[in-house]
Each structure stands twice: as C-alpha cells, then as structure tokens.
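Novice: In the order they appear, the protein sequences are chains A and B. Letter by letter, the first sequence follows residues 10 to 329 in the working numbering. Letter by letter, the second sequence follows residues 42 to 327 in the working numbering.
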Amino acid sequence: MSETLLEVRDLKTSFNVKRSGRKYRLKAVDGVSLSLVSGEVLGIVGESGCGKTTVGRSIVRLVQPDSGAIQFRGGDVLGARGAALRDVRLNLRMVFQDPYASLNPRRSIGDSVAEAGDINGVFKSRADRAARIAETLSAVGLEPSFATRYPHELSGGQRQRAGIARAILPAPAVIIADEPVSALDVSVQAQVLNLMMDLRERLGLSMLFISHDIGVIGQISDRVAVMYMGRVVELSDARTILDRAMHPYTRALMAAVPKPDPSQRIVGVVETGEPPSQFNRPTGCAYAARCPLASERCLAEAPLLRPIGPDNRLVACHNL
Amino acid sequence: MNRDGIALWLTPFLARPIALAGLCVLLAMVIAAAFAPWLAPYDPYAIDPVSRLMPPDAVHWFGTDQFGRDTLSRAIYSARMALLIGAGVVFFALITGIPVGVLSALFPRLGHVLMRIVDVLMAFPSLLLALGLIVILGPSVANSILAIGAGFMTTTTRIIYGLALRLRAETYVEASRSMGSGTWWLVTRHILPNLISPLLVQASFVFAFAQLGAASLDFLGLGAPPDIPSWGNMLAESRTFITRAPWLLFFPGMLIVLTAFSLNLVGDALRDRLDPRFRDVFGGEG
Ligand SMILES: Nc1ncnc2c1ncn2[C@@H]1O[C@H](COP(=O)(O)OP(=O)(O)OP(=O)(O)O)[C@@H](O)[C@H]1O
Ligand code: SF4
Ligand SMILES: [Mg+2]
Chain A
10 MSETLLEVRD LKTSFNVKRS GRKYRLKAVD GVSLSLVSGE VLGIVGESGC
60 GKTTVGRSIV RLVQPDSGAI QFRGGDVLGA RGAALRDVRL NLRMVFQDPY
110 ASLNPRRSIG DSVAEAGDIN GVFKSRADRA ARIAETLSAV GLEPSFATRY
160 PHELSGGQRQ RAGIARAILP APAVIIADEP VSALDVSVQA QVLNLMMDLR
210 ERLGLSMLFI SHDIGVIGQI SDRVAVMYMG RVVELSDART ILDRAMHPYT
260 RALMAAVPKP DPSQRIVGVV ETGEPPSQFN RPTGCAYAAR CPLASERCLA
310 EAPLLRPIGP DNRLVACHNL
Chain B
42 MNRDGIALWL TPFLARPIAL AGLCVLLAMV IAAAFAPWLA PYDPYAIDPV
92 SRLMPPDAVH WFGTDQFGRD TLSRAIYSAR MALLIGAGVV FFALITGIPV
142 GVLSALFPRL GHVLMRIVDV LMAFPSLLLA LGLIVILGPS VANSILAIGA
192 GFMTTTTRII YGLALRLRAE TYVEASRSMG SGTWWLVTRH ILPNLISPLL
242 VQASFVFAFA QLGAASLDFL GLGAPPDIPS WGNMLAESRT FITRAPWLLF
292 FPGMLIVLTA FSLNLVGDAL RDRLDPRFRD VFGGEG
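1. Compile a chain-ordered list of the residues in the stretch 202-226 of chain B whose CB is closer than 9 Å to at least one CB of chain A.
2. For a minimum of 4 consecutive residues, which ranges assigned as the alpha helix (DSSP H) are wholly contained in the stretch 96-148 of chain B?
3. In chain B, what lies closer than 7 Å to A/I79 by C-beta?
4. Nearest CA to the CA of B/Y86: which residue from B/S238, B/R115, B/I136?
5. By the 10 Å Cβ neighbour count, where 16 or more other Cβ atoms means buried, how is A/V276 classified, buried or exposed?
6. Which residue's Cα is closest to the Cα of A/L15: A/G119, A/Q80, A/G48, A/I177?
7. Can you tell me whether DSSP reads B/A286 as helix, strand or coil?
8. If I follow the unbroken alpha helix (DSSP H) through A/F218, where does it start and stop?
9. Please report whether the beta-carbon of A/E124 lies at a distance below 8 Å from any beta-carbon of chain B.
10. Contact criterion: CB-CB distance below 8 Å. Does B/H231 meet it with respect to chain A?
11. Just mark A/H256 as buried or exposed, buried being the case when its beta carbon has 16 or more other beta carbons within 10 Å.
12. Is there at least one non-hydrogen atom of ligand 3 closer than 7 Å to the beta-carbon of A/E124?
13. When DSSP labels each residue in this structure, what does A/G318 get in the three-state scheme?
14. Heavy atom of ligand 2 less than 7 Å from the Cβ of A/S245, yes or no?
15. Flag B/T212 as yes when its Cβ comes closer than 7 Å to any non-hydrogen atom of ligand 3, and as no otherwise.
16. Roughly how many angstroms lie between the CA atoms of B/A286 and B/I269, to the nearest whole one?
17. Find the nearest neighbour of B/N235 within the set B/S145, B/S222, B/D316, B/V71, judged by alpha-carbon distance.
18. When you compare the CB positions of B/P149 and B/G264, do they come within less than 8 Å of one another, or not?
19. Nearest by alpha-carbon distance to A/S11: which of A/V233, A/S215, A/A110 is it?
20. Quick one: give me the first and last residue of the beta strand (DSSP E) that A/I79 is part of.
21. With a cut-off of 8 Å on the beta carbons, I'd call B/R314 and B/P53 a contact; round off their distance for me.
22. Below 8 Å CB to CB, which residues in the same chain sit around A/G84 once its five sequence neighbours on both sides are set aside?
23. Can you give the Cα-Cα distance for A/R274 and A/G55, rounded to whole angstroms?
24. Look at B/T112 and B/S92 and say whether their C-beta atoms are less than 8 Å apart.
25. DSSP three-state call for B/L51: helix, strand or coil?
26. Based on Cα-Cα distance, which residue from A/V46, A/R18, A/V64 lies nearest to A/S220?
27. So, B/L67 versus B/V307, is the Cβ gap smaller than 8 Å?
28. Does the beta-carbon distance from A/V331 to A/I184 come in below 8 Å?
29. Taking 8 Å as the threshold (beta carbon to beta carbon), is A/M103 in contact with chain B?
30. Whole-angstrom Cβ separation of B/I88 and B/F108, contact assumed at under 8 Å?
31. Which residues in the same chain as B/I200 place their Cβ atom closer than 6 Å to its Cβ, once the five residues preceding and following it in sequence are excluded?
32. With a cut-off of 8 Å on the beta carbons, I'd call B/V143 and B/I283 a contact; round off their distance for me.
33. Can you tell me where the beta strand (DSSP E) with A/N203 in it begins and where it stops?
34. Going by C-alpha distance, which of A/R82, A/K133, A/I226 is nearest A/A182?
35. With a threshold of 6 Å on Cβ separation, who are the neighbours of A/L212 within its own chain once the five nearest residues in sequence on each side are excluded?
36. Tell me the DSSP secondary structure of A/F155 in three-state form.
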C-alpha cells in the first residue's frame with residue numbers, strides 16, 4: 010500500500026558565487042538522500058541556508074544538480090522528456106514561501122491558478138477550465154469570484170491560498186511546500202496549515218514540507234529530516250525526533266524551541282560559535298565547531314547516516 | 042484597462058500639477074496635429090509677398106516669414122511632423138529593443154554577446170550616429186526616424202534587458218517554469234505584461250529626446266524636406282533673419298523646448314508610480 014513515490018539519492022547541487030571578487034563553488038546541497046512514501050508528509054527542517062529550498066528546487070528542475078538521482082514513481086525525473094516530463098511537471102508541484110512574490114501582479118487569480126493546466130493543455134474547454142478554477146478556489150477556501158481578482162486585492166493569507174490552489178490544479182501526487190506559512194501572520198499560519206492538512210487528507214497528497222520552524226514541522230509531518238549544511242543529519246518519525254532527538258544539532262534545534270513545561274526542557278546542549286563557511290567545508294563533521302560532543306575523529310572524518318537505536322532512525326554522528 | 046487602472050495612472054498627474062501641465066501640452070499637440078486644417082488661420086504654404094517678415098500682430102499672431110507665410114499656421118502644421126517623428130522613433134526603439142533585451146535576459150550566452158554589441162554602439166554619441174546614418178541613407182522623414190531611432194535603440198535595449206533580468210528572477214516566473222512553461226509562455230504571460238508600465242516611462246523620455254534630435258537634423262537640412270513644415274525647418278529657414286525677425290526663431294524654438302520638457306515631466310511622473318524595484322533602471326535617464 011505504501012508505495013515509494015519520490016526518491017532522492019545522493020543529491021548534490023552547487024552554485025557559482027562571487028565573494029570579494031573571487032569565484033567560488035558553493036555546495037548548497039551535498040549528498041542528500043530522501044524518500045517519500047505515498048500519502049506521507051516528510052518535513053525538512055534546518056537553519057537558514059542549509060539547503061532546504063535548493064533540495065526542493067532541484068526536484069522540480071529549477072536548478073540542475075551536479076550529481077545524484079531523483080525518481081518519481083520509479084521514473085527518472087532529471088532526464089525526463091516528452092510525456093514523462095509532462096507527467097513530472099504535473100505531479101511534482103511547488104508552493105512558494107513568499108505569497109507576495111509568487112503571484113504575477115498582472116495576471117488574475119484565475120489565470121494563475123489555471124497556469125499548470127494551461128501550459129500542459131489539460132482543460133477540455135473554456136467551460137471546463139472555469140469550472141475547475143472555481144472548484145479549486147473553493148477547495149482552498151476562496152470564493153470562486155476571486156478568479157477575476159488581482160493579487161493586490163488579496164491579503165497575504167488569501168494569496169497563499171491562491172498559491173496552494175495553483176499547486177493542486179490539476180491534482181498532483183506530491184506537493185513541495187517551501188516554508189508555505191513562514192511569511193504569514195501568526196494568526197493566519199494556523200489556518201493555512203490546517204488547509205494543507207485538510208487537502209492532504211482529501212486529495213491523498215504526499216508532501217515535502219520545508220520549514221525552519223520545528224513547531225510547524227511537528228504539527229504536520231509524519232517523518233522529519235533534519236538538515237545541516239547541505240546534508241541530512243537525522244531522519245526519523247516525527248514523534249521520535251521531537252521527543253527524543255539524538256543528533257547534537259537536532260537537540261540544539263529543540264532546545265531553541267520554548268517549552269511550557271520546565272521538566273521537558275532539554276538541558277546540557279550548549280551550542281557555541283557560528284556554522285563554518287560553506288565555501289570551505291571542513292573535512293570532518295560540519296557541526297564539529299559547534300558540537301559539545303566533538304572528538305578527534307569528528308575533525309578527521311565526516312559521519313555517515315546510519316541506523317541507531319530501535320526507533321527506525323538514521324543519524325549521522327560518530328559519538329552516539 | 043478597467044476603471045481602477047485608469048485612476049491609478051492618473052493619480053501621479055493629479056498629485057503634481059506640473060506633470061498635469063505636461064500632459065496637457067502633449068494633448069494640445071495631438072489636437073493640433075489632428076485638426077490642423079481647422080485650427081490654422083491660414084494656409085501654411087500660402088505665399089504673400091506684400092506682408093513679408095511682419096512682426097506678431099492681431100492678424101498674424103506669430104508674425105510672418107520671409108515669404109509672407111503665416112508662422113502660427115506653419116507652427117500648428119508642424120505638430121504633425123513632431124508627432125510622426127516622436128512616435129516613429131519610439132516605435133523603432135521598442136520594436137528593436139524589446140526582442141533583443143528580452144531574449145538577452147532569457148538566454149545569458151546570447152545576451153552576453155548582444156549586450157557587448159549594444160555597449161559598443163552606445164559608445165558613439167547619438168547625434169554623430171544619426172548624422173552618419175543620414176549621410177549614408179540620404180535625408181528624408183523615414184531616414185530621420187531611423188537615424189534618431191538608432192541612437193535610442195541602444196539605451197532602450199539596455200533598459201529592457203535590465204528589467205527583463207529582474208523579471209526573470211521573480212518567484213512567479215520560477216513557479217511558471219516549475220510547471221513546464223517555455224520561452225514563449227514566459228515572455229507573453231509574465232515578462233511583457235510587466236514591462237508595459239516601465240516601457241511607457243521609457244517611451245516618454247525617448248519621445249522627448251527625439252524632438253531635440255529631429256530639430257537638430259532639420260536645422261542642418263538633413264531631416265524632413267524643407268517644404269514640409271516642421272519646427273526645425275522653420276528655425277533653419279529663418280536663421281538669417283535672426284536680428285530682423287526674431288519671432289521667426291522664438292516661436293518654433295519655444296515649441297520644441299516645450300514639447301521636449303513636457304514629455305520629460307510626463308515620464309518623470311510615470312516613473313514615480315513605478316514599482317520601486319524597476320525605478321532605478323531609469324537612473325541614467327531624464
Ligand atoms: N541561485 C543561487 N545562487 C547562488 N547561491 C545560492 C542560490 N540559491 C541558494 N544559494 C545558496 O545556497 C545555500 C542554500 O540555500 P537555500 O536557499 O537552499 O537554503 P534554505 O535552507 O532554503 O535557507 P532559508 O531558510 O534561508 O530559505 C545558501 O547559502 C544560499 O546562499
Ligand atoms: S560527528 Fe562529532 S561533531 Fe559531528 S555531531 Fe557527532 S559528535 Fe558532534
Ligand atoms: Mg529556503
């Protein structure tokens with residue numbers, strides 16, 4: 010029943026950047042492997058700049074990865090052509106972070122929502138198109154009359170609902186949601202999150218849910234991947250990670266979340282210093298400079314993801 | 042465009058009376074060009090040897106020239122040539138600048154080559170470029186448009202290139218690409234619609250400067266044929282009478298300046314209502 014929908018293997022994506030006149034190759038994603046089972050929500054969490062968005066953009070082919078493989082329903086995503094490419098385009102869809110930037114101010118909401126269908130020739134007739142726009146707008150909690158409105162007439166929350174509508178017409182298999190609520194007011198965040206969970210239920214969506222907010226991730230995810238400097242450092246069920254984080258970086262992330270009950274506070278996690286520069290990644294564990302458990306081996310050798318403990322959990326750390 | 046849209050475009054003018062005045066001058070020019078036969082008190086070509094070089098009076102408001110032709114009538118008819126040259130140059134600058142600028146932004150390798158060429162062309166002073174082209178092509182109205190347009194083609198292309206580069210990086214363009222859109226879709230649905238407002242600004246500036254260029258060519262006898270009324274031609278014909286009949290230079294001269302200045306004001310007002318991210322692309326203009 011739980012078919013693997015999307016599989017990312019050893020993905021590496023880098024960018025050419027200029028810093029003070031010199032050219033560097035910035036390794037934004039440095040060997041990430043993930044898999045998404047049908048119907049599940051996989052949360053990706055990590056601090057700003059760790060490569061979360063780049064993973065998402067690589068999957069929808071907005072950036073060309075250096076190496077690695079991405080498979081959707083067993084078919085190659087990166088090399089897809091023709092009908093296979095169309096299938097990938099319609100089934101792997103992205104929701105963007107900034108609802109103010111992600112809608113074209115000169116296009117009506119209806120045109121934006123129908124864009125994937127229009128590009129890929131999905132609609133049978135004008136009437137069919139109009140009906141499906143209306144249906145999709147209702148599904149995200151917007152009046153069908155919004156179809157003729159323009160983005161500047163909408164609030165942030167309404168815009169993000171339109172952005173979600175654009176991602177589900179026609180219904181995809183996977184939504185890659187890149188911080189879909191972090192640009193919204195706190196009061197609106199919960200509504201939009203509820204909408205996404207509701208849509209997941211109704212449309213049977215699978216989701217890659219990217220966020221730097223562990224609280225939001227905990228609410229929506231079945232499994233969680235924690236990223237640090239372009240790599241996955243811990244991957245497990247959401248409850249396992251939230252309740253019993255193992256990797257020192259995950260524990261530090263958890264400790265930064267305010268907990269109402271003092272007995273639940275994680276003690277003994279002290280993080281020092283800044284993350285090392287992405288331009289010259291250390292040979293050993295990228296977290297060594299900040300890690301309270303760091304040892305000699307951590308400086309010499311990069312830890313690989315390996316199963317630890319009984320909870321079906323993968324951790325990349327030498328000293329656990 | 043809906044009513045909201047029109048209101049949006051009018052606000053910058055209502056907020057600034059001087060820009061509104063500029064818009065009125067432009068409107069007056071269009072009316073003068075369209076209704077010249079009815080507005081002009083005399084036939085602009087009618088020669089009257091009896092009343093040569095008459096100073097302005099109640100009969101001839103702007104005076105008469107060395108052939109006794111009515112200066113006011115000739116000035117009114119000249120609005121036609123001014124509009125034609127202005128519109129022609131704007132059209133030429135956009136028809137070349139849009140494809141080159143947009144494609145250069147979308148295809149970086151091609152853009153690299155094309156923008157180098159544009160840079161080289163920009164190194165020539167535009168009047169010199171225009172003169173060179175007229176010498177090669179021969180003087181005529183069409184060639185004036187071409188020669189002046191060539192100078193504005195480069196700046197316009199640069200501006201469109203800068204705007205299109207910004208638009209290409211917009212999240213909604215990314216969203217569209219992630220859903221499989223091709224170049225044609227991106228250009229027609231996302232880039233061109235967002236270029237309209239900034240191009241209106243650029244068009245106003247080009248129109249304004251084209252007036253000065255056309256007047257210069259006419260004055261040198263390299264523009265419109267001398268029998269066609271144009272402000273530049275009027276200046277050229279009467280320059281020898283500058284001390285005896287200064288009104289012959291005053292009125293067409295003032296009209297050239299007024300037109301160019303008004304269009305600049307209009308461009309400024311439109312620029313100020315642009316999205317701030319687009320505004321600095323026009324930094325070097327105006
Ligand atoms: N197009 C690009 N060109 C150059 N560098 C880039 C580009 N996109 C991302 N980067 C760099 O790659 C790194 C990872 O970026 P990414 O956007 O994937 O991080 P992120 O985890 O999504 O962070 P955030 O939480 O801030 O969104 C960053 O250092 C970023 O500066
Ligand atoms: S490998 Fe070493 S430095 Fe890295 S997280 Fe584990 S203990 Fe810390
Ligand atoms: Mg991001």
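Ideal Cβ positions, reconstructed from N, Cα and C, are used throughout, including at glycine. These figures come from a predicted structure and were not determined experimentally.
Specialist: Concretely, from the data shown:
1. E211, T212, Y213, V214, E215, A216, S217, R218, S219, M220, G221, S222, G223, W226
2. 112-147
3. By Cβ distance, chain B contributes nothing, its closest Cβ being about 14 Å from A/I79, past 7 Å.
4. B/R115
5. In this predicted model, A/V276 has a pLDDT of only 45, less than 50, meaning its place in the structure is not dependable; the value taken from the coordinates is given anyway. It counts as exposed.
6. A/Q80
7. coil
8. Where A/F218 is concerned, there is no enclosing alpha helix (DSSP H), although the beta strand (DSSP E) it sits in stretches over 215-220.
9. yes
10. yes
11. buried
12. no
13. coil
14. no
15. no
16. 21 Å
17. B/D316
18. no
19. A/S215
20. 76-81
21. 4 Å
22. A93, D96, V97
23. Caution applies to A/R274, whose pLDDT of 44 falls short of 50 and renders its modelled position unreliable; the value that the coordinates give is listed next. Their backbone Cα atoms lie some 20 Å apart in a straight line.
24. no
25. helix
26. A/V64
27. yes
28. A query on residue 331 of chain A cannot be resolved here, the shown segment of chain A reaching from 10 to 329 and no further.
29. yes
30. 5 Å
31. Q243, V322
32. B/V143 to B/I283, Cβ: 48 Å. No contact.
33. No beta strand (DSSP E) contains A/N203, which is instead part of the alpha helix (DSSP H) from 195-212.
34. A/R82
35. A180
36. helix
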